[in-house]
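A short write-up of the structure that comes next.
2 protein chains.
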Amino acid sequence: MKATFMYAAGDVRVIDVPDPIIEQPSDALVRVTRACVCGSDLHPYHSMPATPDGSPMGHEFIGVVEAVGSAVTTLSVGDFVISPFAVSCGTCEYCRAGLQTSCVRGGFWSDPQLGTAGAQAEAVRVPLADGTLVKAPVDANADDALLASLLTLSDVYGTGWHAAVRGGVTAGSTVTVIGDGAVGLLAVLSARQLGAEQIILMGRHRARTDLGREFGATDVVAERGDEGIEQIRDLTGGLGSQIVLEAVGHRPAYDQAIGAVRPGGVISRVGVPQYDEAPVGFASLFGPNVTLTGGPAPVRAYIEQLLPAVLDGTVAPGKVFDRTMSLAETPKAYTAMDSREALKVAVRP
Amino acid sequence: MKATFMYAAGDVRVIDVPDPIIEQPSDALVRVTRACVCGSDLHPYHSMPATPDGSPMGHEFIGVVEAVGSAVTTLSVGDFVISPFAVSCGTCEYCRAGLQTSCVRGGFWSDPQLGTAGAQAEAVRVPLADGTLVKAPVDANADDALLASLLTLSDVYGTGWHAAVRGGVTAGSTVTVIGDGAVGLLAVLSARQLGAEQIILMGRHRARTDLGREFGATDVVAERGDEGIEQIRDLTGGLGSQIVLEAVGHRPAYDQAIGAVRPGGVISRVGVPQYDEAPVGFASLFGPNVTLTGGPAPVRAYIEQLLPAVLDGTVAPGKVFDRTMSLAETPKAYTAMDSREALKVAVRP
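So the protein lines, in turn, are chains A and B. 24 is the number of the first residue of the first sequence in my numbering; add one for each residue after it. 24 is the number of the first residue of the second sequence in my numbering; add one for each residue after it.
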């Protein structure tokens, strides 16, 4: 089958690989209906050292079950499934607590120990399939818009939702979202669904911030740094934002969050931090009693909850996809997202 | 009157100063019944550069109102009062939200802008008296044990309580408390009052950890660093602690907290951080979805709530005072606490 590999920064290729097979009794094989390129795939695209064997790419997909191992009890051949970006057993302490990203048996996609390959491919072997996959009453030939929205449940929608949930967004909240990528925009949508009254989106790409307004942003701030912080203060009666959802992951976004948050408020991060240390002392977090929370979203915990509004069309998170390409074109999807020509690209094998 | 000033690291003197007077209509003058030395007073005691005029010391006291300004409405001469370690107006956005440490009109004790002097003195001018002070139905000649417990409401008990509340301690919680100083021990008491099932106290001073056990600690871990973390894991079924209350403020205590906390758990800091930057990246906070919270305790928000159990003797937080000295002896109180001969010293003017 065809699958996408990265060989070095900027070097993505679609190559022939052996078809995946059932290796463990708890595995399922899934034929991919749609996969996509993630903002986090752009980190290695910028910095990955050359690797002769390459790395399999992609961790977001929806598809149809093609085979199941002997121990799989909840899935059958032909089921339409949504796959979270992390593999989870569904039974350990952390899975039961809704923190499947810390599952003691699972791991992140393409974890060498799990032996999983990338999802930007024709098919995928899914370990711990009963715990990991979520069935949905969908025809794999459904229209593109619905498939796109279902695909967001694999990562970006659940990640935006996690930011909002961890941030404690509730009816009447004042929320600032840093970042107008797919996760930031879906954090806006999530904050709106949870009842936020004021949602300030910090972003500078007009097409994206327009979609942010459609998702529920009440204000858009294009400025960054001190100027951006000033604007947030102006928009919040001088107090700052009760809740800041940080969907970027670079250090300036962290500093922006510190500047924008109100004393007693919450910074909820879902942008994967590209830094190790940051200010946490008296002047930043401690003095104003600011809470720092967030992490990789246990999207598995949210799929069932978010699915109904996707299926009945109440929300259309799939609007973050502004391009669909064939699997053979996946390298172009990276280029388009890296150059910001595309917000997020769906891949159709 | 007599008041305590620090002139340099290790140089504390009790000197004659003018009696305080009412300066603003919202002021009250309070004759000090008991003050005390705080663990945080030891930071300048170690590091303060020589200052010819000295700095007034002390931010914890109980006493009797001796005079009130013309705008004071809730206090009368003769009232027994408990003073939080921060001045607050009681009416601003933050005071109404129970975050009096961020009051827009108030500030921390001895703030030059407020013109307040230290509480290790015979009397104190209290600005914004209606917002700051809390009346209690107590005779200033009550027994030492009750006065000691009331004095903890000025800072250390409310600070331990804040740690536990911000940490989200609830019935059945597993809690680790780092630090066996007065705040750590009262964080143990607070966690117990909030229903924690397992309370692990990290400390190595037997007399203190014994008091910790009396306050509700179920386990004591004397080891530090990796060995201490190992012990926490052993005591929590390998998972780590759901909630870690950090009552020290030095960087190794932060690292200890990161090592001790369970994925999805909370680190609640009330030890004033003596560092600015610390790990917050994927390996520390983000990957395991750990929440970092806490700050200076708005003890004003907690006094009314904690007072009844102190008055009726249900709890005796004043047991953290193991020594009482006269005001003239205050310099010795610093020496005794610095050498760890004393846990916490009450000062009787």
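Don't be surprised by glycine CBs; every beta carbon is placed ideally from N, CA and C. From a predicted model like this one, the values you see are computed outputs, not experimental measurements.
When DSSP states are grouped into helix, strand and coil, residue 91 (chain A) belongs to the strand group. Residue 270 (chain B) places its beta carbon 8 Å or farther from that of residue 192 (chain B). Cβ neighbours of residue 249 (chain A) within its own chain (closer than 8 Å, five residues either side excluded): 282. Here residue 59 (chain B) is bridged, per DSSP, to B:369.
Annotation for residue 143 (chain A): 27, 58, 80, 81, 353 and 370 place their beta carbon closer than 6 Å to its own, counting only its chain and skipping 5 residues before and after.
In the DSSP assignment, residue 315 (chain B) falls within the beta strand (DSSP E) that extends over 314-317. Under the Cβ distance rule, residue 309 (chain B) counts among the residues neighbouring chain A, one pair being separated by less than 8 Å.
Segment contact: the stretch 307-314 of chain A against the stretch 118-130 of chain B, three or more CB-CB distances shorter than 8 Å; contact assigned.
Secondary-structure assignment with DSSP links residue 354 (chain A) through no beta bridge to anything.
Residue B:76 holds the alpha-carbon nearest to the alpha-carbon of residue 34 (chain B) among B:76, B:98 and B:217. The beta carbon of residue 315 (chain A) falls within 8 Å of a beta carbon belonging to chain B, placing the residue at that interface.
For the 8 Å CB-CB criterion, residue 259 (chain A) and residue 289 (chain A) do not form a contact. Three or more beta-carbon pairs drawn from the stretch 49-69 of chain A and the stretch 90-97 of chain A are found closer than 8 Å, and the two stretches are therefore classed as touching. Following the DSSP letters along the chain, one finds residue 300 (chain A) inside the beta strand (DSSP E) bounded by residues 300-302. In this structure, the beta-carbon distance from residue 208 (chain A) to residue 231 (chain A) falls below 8 Å.
Between the alpha carbons of residue 149 (chain B) and residue 132 (chain B) lies a distance of about 9 Å. Assigned with DSSP and collapsed to three states, residue 251 (chain B) falls in helix. Rounded to the nearest whole angstrom, the CA to CA distance from residue 198 (chain A) to residue 56 (chain B) is 46 Å. In terms of beta-carbon proximity, residue 300 (chain A) lines the interface with chain B, with at least one pair separated by less than 8 Å. Put simply, of B:222, B:31, B:140 and B:323 the residue whose alpha carbon is nearest the alpha carbon of residue 153 (chain B) is B:323. Taking the C-beta atoms as reference points, residue 221 (chain B) is found nearer than 8 Å to residue 241 (chain B).
Taking residue 158 (chain B) as reference, the option from B:98, B:224 and B:217 with the minimal CA-CA separation is B:98.
Listed in chain order, the alpha helix (DSSP H) elements of length 4 or more contained wholly in the stretch 222-274 of chain A are 229-238 and 248-258. Counting only the Cα atoms, residue 319 (chain A) lies some 21 Å from residue 78 (chain A).
Boundaries of the beta strand (DSSP E) around residue 27 (chain B): 25-31. Distance from the CA of residue 351 (chain B) to the CA of residue 345 (chain B), rounded to the nearest whole angstrom, comes to 18 Å.
Burial is judged here by how many other beta carbons sit within 10 angstroms of a residue's own beta carbon; residue 331 (chain A) has fewer than 16 and is exposed. Judged by DSSP in its simplified three-state form, residue 340 (chain B) adopts helix. What residue 262 (chain B) touches in chain A, judged by beta-carbon distance under 9 Å, is 116 and 117, going in chain order. If you draw a straight line from the Cα of residue 339 (chain B) to the Cα of residue 329 (chain B), it is about 11 Å long. Within the stretch 117-133 of chain B, those residues whose Cβ lies closer than 9 Å to any Cβ of chain A are, in chain order, 117, 120, 121, 122, 124 and 125.
Look at residue 275 (chain A): its C-beta is not under 8 Å from any C-beta on chain B.
Per DSSP, the beta-bridge partners of residue 347 (chain A) are A:369. In this structure, the beta-carbon distance from residue 147 (chain A) to residue 129 (chain A) does not fall below 8 Å. Taking C-beta atoms under 8 Å as the contact rule, residue 171 (chain A) and residue 213 (chain A) fail to qualify, at a distance of about 17 Å.
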